[in-house]
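Some notes on the structure that comes next.
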Amino acid sequence: MLEPIKVVVTGAAGQIAYSLLYQIGKGDVFGQDQPIIMHLLDIPMMMGVLEGVVMEMMDCALPLVRGIVPTADPAVGFADVEAAFLVGAMPRKEGMERKDLLSANVKIFKVQGQALDKHAKKTVKVLVVGNPANTNALICSKYAPSIPKENFTAMTRLDQNRAQAQIAARLSVGIESVRNVLIWGNHSSTQYPDARHALVKKGAEEVKVSDALPDTAWLQDQFITTVQKRGAAVIAARKMSSAMSAAKAAGDHMRDWWLGTSDGSFVSMGVISDGSYNAPADVVFSFPVSIKNKQWTIVQGLPIDDFSRGKIEQTGQELVEERQEALSVCED
Ligand SMILES: NC(=O)C1=CN([C@@H]2O[C@H](COP(=O)(O)OP(=O)(O)OC[C@H]3O[C@@H](n4cnc5c(N)ncnc54)[C@H](O)[C@@H]3O)[C@@H](O)[C@H]2O)C=CC1
Ligand SMILES: O=C(O)CCC(=O)C(=O)O
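The sequence shown: position 270 = 1634 (the working numbering), numbered continuously.
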C-alpha cells in the first residue's frame, strides 16, 4: 500500500461533489492501492450541509479513505494537496450561456489560485470543473505562478463522453468499442466535437468511424450540435445542471492524468495552448492529449481539413474574448 495523498474537492456540499466523492473514495480515480485523505472545501454557509456529506462519507466505510477534513478555509482545504478538483462555483440556469457566469465565478478562481500557490504541493494536479471552466483554469494558473502552467487543466471530458456515447448509439455498438473522439476548444456551445480521427471496433478489426458511419451530414451537423447543446438540454429537462455525468467525467479526467493513457489512445483535456493546430496561444484550449508519467502531451500531426480549421478558429476566438473579460474582472 502507498502513503496516503491529500486530495481536495471544492464545492464539496454541491451536487457534482455528491457523486464525485464516492468515486474518489472507492479507488476509481487514483487506483485501488492509493489511500486518500479527503479535503472538502465549501463556503461558510454550507458547513451544515457539508457535515451531512461527511457523515455519509464515513458511513460508506471505504477502506482507502484515511481521513476527511471538512472546511471553509482555503488555507486548510489546499494544504499539501496533490490533486485538486475545483468544482465549487455557481451553475448556470435555463437560458444562460456558460460565459454569463464569468464575472461571478472567475474571482473564485483567482482566490483559489492564490491559495493553491501558497498551500498546495508544487506538483499538484488541478482540474477545473466550475464554469466557464477553460477561462477559470487560466485565471487560477495566473494567480499561482509558483506552480507549472501544465498543472492546470479544464474539463471537456464530459463533452468527450457525450460525443463517444452519441457515436456508439448511432453505430449500435458498446461504448468501449469507440475511441479517439475529440473535443477541441472551449467547454461552451462553440466547442468542436470531432469524430474524424475516431475509431470503432468491428469484430476483430478497428476501422475509422467515418468509414463505419458514412453519414457526413449527421457527423457535421446533428452530432456536433447535440454535443454542444447537451448541457442546456439536461438543464431544460432536469431544471438543474448535469451532475452524475459531470462527476463521472471528472473522475475519468483525473484518472487518466494520474495513471496515463494507453498507446494510440488519446483523450480531450483543456490545457494551456502552445498554439498547436493554429489555436490561439495562452488560453486553456481543449486538445487531444496522451499521458505518460502524469505528464500530458498534445497529440501532434492529426490532419485538419477546412471544416475543422474553421471550427477551431471560432472556438479559439471565443476563448480569447473570455480571457480579456476575465482579466479585466480580476483587475477590478
Ligand atoms: N466542465 C464541465 O463539464 C461541467 C461544469 N459544471 C459546473 O460545475 C460547477 C458546480 O456545479 P454543481 O455542483 O452542480 O453546483 P452546486 O450549486 O450544486 O454546487 C456548487 C457548490 O460550490 C460551492 N461554492 C461556491 N463558491 C465556492 C467557493 N468559493 N469555494 C468553495 N465552494 C464554493 C457552493 O456553496 C455549492 O455547495 C458549476 O459552475 C457548473 O456549471 C457542471 C457540469 C459540467
Ligand atoms: O452550464 C451547463 O451547461 C451545465 C453544466 C455543464 O457545463 C454541462 O452539462 O456541460
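Where a beta carbon is used, it is the ideal one built from N, C-alpha and C, also for glycine.
DSSP beta-bridge partners for Glu1570? Lys1565
What is the chain-ordered set of residues for which the beta carbon lies under 7 Å from any non-hydrogen atom of ligand 2? Pro1455, Arg1456, Arg1462, Asn1495, Leu1522, Asp1523, His1551, Arg1594, Gly1595, Ala1596, Val1598, Ile1599, Ser1605, Ser1606 and Ala1610
Taking C-beta to C-beta, are Arg1656 and Gly1624 nearer than 8 Å?
Checking the displayed sequence, the identity of residue 1656 turns out to be Lys instead of Arg. For Lys1656 and Gly1624, yes; Cβs fall inside 8 Å.
Exercise for review: Go ahead and pull the three-state DSSP assignment for Asp1558.
Suggested key: Per DSSP, reduced to three states, the secondary structure at Asp1558 is strand.
(message) Looking at ligand 1, does it come within less than 7 Å of Gln1555, judged from the CB to the closest heavy atom?
(response) Gln1555: no, Cβ never under 7 Å from ligand 1.
task = Thinking Ile1676 and Ala1645 are a contact (beta carbons under 8 Å), I'd like their distance in whole angstroms, please.
result = The Cβ separation is near 13 Å, so there is no contact.
I believe Ala1508 touches Val1492 by the beta-carbon criterion, under 8 Å. Please report the beta-carbon distance rounded to the nearest angstrom.
That belief does not hold up - the Cβ atoms of Ala1508 and Val1492 are roughly 12 Å apart, past 8 Å.
_When you compare the segment 1453–1461 with the segment 1484–1491, are there three or more beta-carbon pairs, one atom per stretch, that lie closer than 8 Å?_
no
- Query: Using the C-alpha atoms, what's the distance from Trp1548 back to Leu1666?
  - Reply: 12 Å
Per DSSP, what kind of secondary structure is Ala1596 in: helix, strand or coil? helix
Going by the CB atoms, is the gap between Met1618 and Ala1377 shorter than 8 Å? no
For the alpha helix (DSSP H) containing Ala1453, list its first residue and its last residue.
-> No alpha helix (DSSP H) contains Ala1453, which DSSP labels as neither H nor E.
Would you please state the rounded distance, in angstroms, between the beta carbons of Pro1434 and Leu1404? I believe it to be under 8 Å. 5 Å
> Hey, how far is the Cα of Asp1437 from the Cα of Asp1558?
Replying inline: 41 Å
- Task: Let me know the alpha helix (DSSP H) ranges lying completely inside the segment 1463–1536, each 4 residues or longer, listed in chain order.
- Result: 1466–1483, 1497–1506 and 1521–1535
**Prompt:** To the nearest whole angstrom, what separates the beta carbons of Leu1683 and Phe1649, a pair I think is in contact under 8 Å?
**Reply:** Approximately 6 Å separates the beta-carbon atoms of Leu1683 and Phe1649; this is inside 8 Å, confirming the contact.
**OP:** Please confirm if the segment 1519–1535 is in contact with the segment 1582–1594, defined as three or more CB-CB distances below 8 Å between the two stretches.
**Re:** yes
Between which two residues does the beta strand (DSSP E) holding Pro1652 run? Element bounds for Pro1652: Val1648 to Lys1656.
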